[in-house]
Amino acid sequence: MPRRTRNFFAKLTHYFARFFDRSIRIGAVSTKPEGTTKVPPAPPLTVTAPAINTPLTKAMPHSADPTSLHQVSPATSIQQYNDSQPTISSNQASTMKIQPPPADTPFSRNLSSSSLSYSQSQSQGILNHARDFTINNAHFTNHNTQFNISPPGSGLDKLLDRSMPDAFFNSAARYPPPKCHVGTREEYIAQITDWALGKSDHEKLVLWMHGPFGVGKSAIAQSSAEKLKECKKLLATLFLSRSNALRNDPLCIIASIVYQIATQCGAFADIIDILLRKDPSLTSKSLATQFEELLVIPLSKIDIMQEGLDGQMVIIDGLDECRGVSEQREIIKIIATSAQNRTTPFRWFITSRPEDPIIRTMNSPTVSPAIYRIELPVSREVDHEILLHLTDEFRKIREENGLGETWPSEDTLALLVERADGLWIYVSTIIRFLNDDNSFGPEHQLRLVLESTPRILIEDGLSNPLADMDLLYMLIMQQVPLNIRAMLQRILLMASTGGYGVCSIANALRLSTEQFRRCCAPLQSVMRLENSERALDEMRLHFYHASFFDFLTDPKRSRDFCVHGSYLTHFRAELLEWLHAVYSRTQDPSDFIFPSGTILPENLTAIDHHRHVLDLFWELCSVASHPIDVPTAASISQLPFRKIFSLLPVNVHPLECLVISHKDVPIMRNNLPTAFRDKIVQVTKCPTPGCTRTGDVVILSEGENKVITLTDNDRDRFYWENNQNPPSGTCPCGVTLIALHLKDKSTRNDLSTH
Numbered sequence: 001m002p003r004r005t006r007n008f009f010a011k012l013t014h015y016f017a018r019f020f021d022r023s024i025r026i027g028a029v030s031t032k033p034e035g036t037t038k039v040p041p042a043p044p045l046t047v048t049a050p051a052i053n054t055p056l057t058k059a060m061p062h063s064a065d066p067t068s069l070h071q072v073s074p075a076t077s078i079q080q081y082n083d084s085q086p087t088i089s090s091n092q093a094s095t096m097k098i099q100p101p102p103a104d105t106p107f108s109r110n111l112s113s114s115s116l117s118y119s120q121s122q123s124q125g126i127l128n129h130a131r132d133f134t135i136n137n138a139h140f141t142n143h144n145t146q147f148n149i150s151p152p153g154s155g156l157d158k159l160l161d162r163s164m165p166d167a168f169f170n171s172a173a174r175y176p177p178p179k180c181h182v183g184t185r186e187e188y189i190a191q192i193t194d195w196a197l198g199k200s201d202h203e204k205l206v207l208w209m210h211g212p213f214g215v216g217k218s219a220i221a222q223s224s225a226e227k228l229k230e231c232k233k234l235l236a237t238l239f240l241s242r243s244n245a246l247r248n249d250p251l252c253i254i255a256s257i258v259y260q261i262a263t264q265c266g267a268f269a270d271i272i273d274i275l276l277r278k279d280p281s282l283t284s285k286s287l288a289t290q291f292e293e294l295l296v297i298p299l300s301k302i303d304i305m306q307e308g309l310d311g312q313m314v315i316i317d318g319l320d321e322c323r324g325v326s327e328q329r330e331i332i333k334i335i336a337t338s339a340q341n342r343t344t345p346f347r348w349f350i351t352s353r354p355e356d357p358i359i360r361t362m363n364s365p366t367v368s369p370a371i372y373r374i375e376l377p378v379s380r381e382v383d384h385e386i387l388l389h390l391t392d393e394f395r396k397i398r399e400e401n402g403l404g405e406t407w408p409s410e411d412t413l414a415l416l417v418e419r420a421d422g423l424w425i426y427v428s429t430i431i432r433f434l435n436d437d438n439s440f441g442p443e444h445q446l447r448l449v450l451e452s453t454p455r456i457l458i459e460d461g462l463s464n465p466l467a468d469m470d471l472l473y474m475l476i477m478q479q480v481p482l483n484i485r486a487m488l489q490r491i492l493l494m495a496s497t498g499g500y501g502v503c504s505i506a507n508a509l510r511l512s513t514e515q516f517r518r519c520c521a522p523l524q525s526v527m528r529l530e531n532s533e534r535a536l537d538e539m540r541l542h543f544y545h546a547s548f549f550d551f552l553t554d555p556k557r558s559r560d561f562c563v564h565g566s567y568l569t570h571f572r573a574e575l576l577e578w579l580h581a582v583y584s585r586t587q588d589p590s591d592f593i594f595p596s597g598t599i600l601p602e603n604l605t606a607i608d609h610h611r612h613v614l615d616l617f618w619e620l621c622s623v624a625s626h627p628i629d630v631p632t633a634a635s636i637s638q639l640p641f642r643k644i645f646s647l648l649p650v651n652v653h654p655l656e657c658l659v660i661s662h663k664d665v666p667i668m669r670n671n672l673p674t675a676f677r678d679k680i681v682q683v684t685k686c687p688t689p690g691c692t693r694t695g696d697v698v699i700l701s702e703g704e705n706k707v708i709t710l711t712d713n714d715r716d717r718f719y720w721e722n723n724q725n726p727p728s729g730t731c732p733c734g735v736t737l738i739a740l741h742l743k744d745k746s747t748r749n750d751l752s753t754h
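Per the UniProt record's numbering, the sequence shown starts with residue 1, numbered consecutively.
Structure representation (structure tokens):
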């Protein structure tokens, strides 16, 4: 056997050994042309066959023709391709001999219906008497299981790039995920799983579980997902988080669902792979278009029953934490319409807070008939379950810390149950607070909790129902050392916008890797710094619950720790003063002159720090419903925008380019006093005579400071980049039109990390 062919079969052995669990013997022999010496057969290769429903990723197309979207037969075992992918050739005639497994194994039944031969004596075997053959992109099928050698740059790679893997139910980014303690919430989990398995009287295909913050919606969704996974009824999951830009992008929701389906259904994956090779922009189209072209149409081309997709569950947890109210409502309408028209064969499980826009959409005449509802209220009826959870967790703490059996007392447990007031988030936060590594130990932490006096706020004659939760968050913030508290508030303010990753935050605030770690350490009760032992560009902030940001952004609840209100106003003014000082001193982008006291950490350049501060200032001016005061607006109007852009880099690499979504522009404009809006920012058609541009441009400032920003027609945003003195052949207004393939504002997570 030629060396290249032998290497190919060795590679097949490696992959089969990873995924197969039933023994098969494959012997590969070479047949000699007439008149040549017989080559002895290679020794048999031992591989294993998969369980029928084992999901594998990255299925290859059944045709090299991207327009051929035929129904995929699960019996197909080897396909031959003639595209430009790398090939493995033989200059000698060769055959493949496959010794069958016992007749009663699933894999043997599948092979018997395929075009493979079991014996060298069968004249119609697919490789019998073959000469000078080539195998491209070998593809093996076992019912719903696909085994493929997928070349780099496949359509599924593009799909993964537009997905949110951090939001999957078994993602490492969510580990350990919130889930129900053993013996708790069993009634709700049973209600959901029975509906998913078709064992309940409710026949509607969309289940909406709603309830206020802290009642355990995500924990129930996670526990239900794990149960359904065991039953082989779980197809796709998304656990959204408003505080994490890698888990809140509405334009990535459909792609994330499609990707997870593709990893479990090879026939579906083949079609998606072909579609995205032909048109990679499909994942950037509107939600309705993505749903139709990446879900509805591909599903119509495969046998749903045969592929085992009928009645499979798709879970979307925390829809209210997805960016954009209009996008939330559109997702609901798309799913409800599909369920009513049966254009997808799935059951959809959605959880959310009962936010008014979501309630109105769910109650609308076009959506309501498709919805089965479960309300998850704040209720003291769960006190016995909360006590069970606390008892088990305190037992673990005692064992790990060598504490006495009488700690804590029964009265203490009863008091904590009382303070929880039916909120599971209070219980989980208490446990993390007691386990804080940066404390004097669990006994000291518990004493702090017990000695704190609940602060009952009276608003409109009613007591604050979140008083105990607020008290706990206040206590956590009070434990932050004074020397880092101000910096930590800035980190939390940037994180609350949902548009910044760790590296961008550190670059804007001039923090080294170690400084960032130390700032975050006191908040282990409410957040986790993932990959904290690595470099900044690999770290991620994970907040356990959105209620912490609700607390931080409400001045009535968080008082001096609030990151909005007066704190936001003062921070804007501070950044603006710094920018004016830089522009008054700096003339050359190669020599930025910062105000005294500006010390940059190692590996942060002056030009990068300036761009991140500029971007941060714009972002803070674009916080919705937080008007800009007249003195700040007047100061913004005096910024030398033409000079600002001349100090920015030219032709920045796309992954390093800071972008502003056009959605933020009207927010920033509306935050300005009316008299200053046209003086600072406008969205309009290009005013330059002769400009052939059809889309809108963003114009900053007026008069001699006016700048028409570098924009991207297709992606609807503009860039902090020097577009003065553009090269010849560009738009007459000086705007260079470029097509970059970046995620929207969420890209800012990693813009500075490459």
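From the three backbone atoms N, C-alpha and C, an ideal C-beta is built for every residue, glycine too.
Since the structure is predicted, the reported quantities are computational estimates derived from the model, not experimental observations.
For residue i, which of helix, strand or coil comes out of DSSP?
i: residue 762; result: Given that the chain is displayed from residue 1 to residue 754, the structure contains no residue 762 and the question cannot be resolved.
i: residue 433; result: helix
i: residue 182; result: coil
i: residue 122; result: Caution is warranted here: a pLDDT of 39 is assigned to residue 122, below 50, making its placement in the model unreliable, and the coordinate value is therefore given only provisionally. Here residue 122 sits in coil by DSSP.
i: residue 732; result: Low confidence applies here, because residue 732 scores a pLDDT of 36, under 50, leaving its location unreliable and the question unanswered by this model.
i: residue 33; result: In this prediction, residue 33 scores a pLDDT of 42, lower than 50, which makes its location untrustworthy; no coordinate-derived value is stated.
i: residue 373; result: strand
i: residue 227; result: helix
i: residue 494; result: helix
i: residue 641; result: helix
i: residue 317; result: strand
i: residue 562; result: coil
i: residue 599; result: coil
Just curious, the alpha helix (DSSP H) that residue i is in, first and last residue?
i: residue 236; result: First-last for residue 236: 234 to 239, but that is the beta strand (DSSP E), not the alpha helix (DSSP H).
i: residue 518; result: 513 to 520
i: residue 247; result: Residue 247 -> no alpha helix (DSSP H), and no H or E assigned at all.
i: residue 793; result: For the chain, the structure presents residues 1 to 754; residue 793 sits outside this window and is missing.
i: residue 571; result: 566 to 585
i: residue 668; result: 664 to 671
i: residue 289; result: 287 to 291
i: residue 297; result: 297 to 300
i: residue 447; result: 442 to 451
What are the boundary residues of the beta strand (DSSP E) that includes residue i?
i: residue 542; result: 540 to 543
i: residue 698; result: 696 to 700
i: residue 329; result: From DSSP, residue 329 is part of no beta strand (DSSP E) but of the alpha helix (DSSP H) over 325 to 341.
i: residue 351; result: 347 to 352
i: residue 685; result: 681 to 685
i: residue 660; result: 659 to 661
i: residue 210; result: 206 to 210
Inspect the beta-carbon positions of residue i and residue j and report whether they are closer than 8 Å.
i: residue 450; j: residue 430; result: no
i: residue 505; j: residue 484; result: no
i: residue 179; j: residue 223; result: yes
i: residue 529; j: residue 511; result: no
i: residue 360; j: residue 313; result: no
i: residue 488; j: residue 214; result: no
i: residue 555; j: residue 564; result: yes
i: residue 496; j: residue 571; result: no
i: residue 668; j: residue 622; result: yes
i: residue 196; j: residue 228; result: yes
i: residue 524; j: residue 383; result: no
i: residue 757; j: residue 207; result: A question about residue 757 goes unanswered here, because the residues of the chain that appear run from 1 up to 754.
i: residue 350; j: residue 316; result: yes
i: residue 287; j: residue 334; result: yes
i: residue 242; j: residue 216; result: no
Flag residue i as yes if its beta-carbon sits less than 8 Å from any beta-carbon of chain D, otherwise no.
i: residue 443; result: Among the chains in the structure shown there is no chain D, since it carries only a single protein chain.
With 16 other CB atoms within 10 Å as the buried threshold, where does residue i fall?
i: residue 402; result: exposed
i: residue 141; result: The predicted model places residue 141 with a pLDDT of 48, which falls under 50 and marks its position as unreliable; any figure quoted below should be read in that light. Label assigned to residue 141: buried.
i: residue 320; result: buried
i: residue 260; result: buried
i: residue 675; result: exposed
i: residue 502; result: buried
i: residue 482; result: exposed
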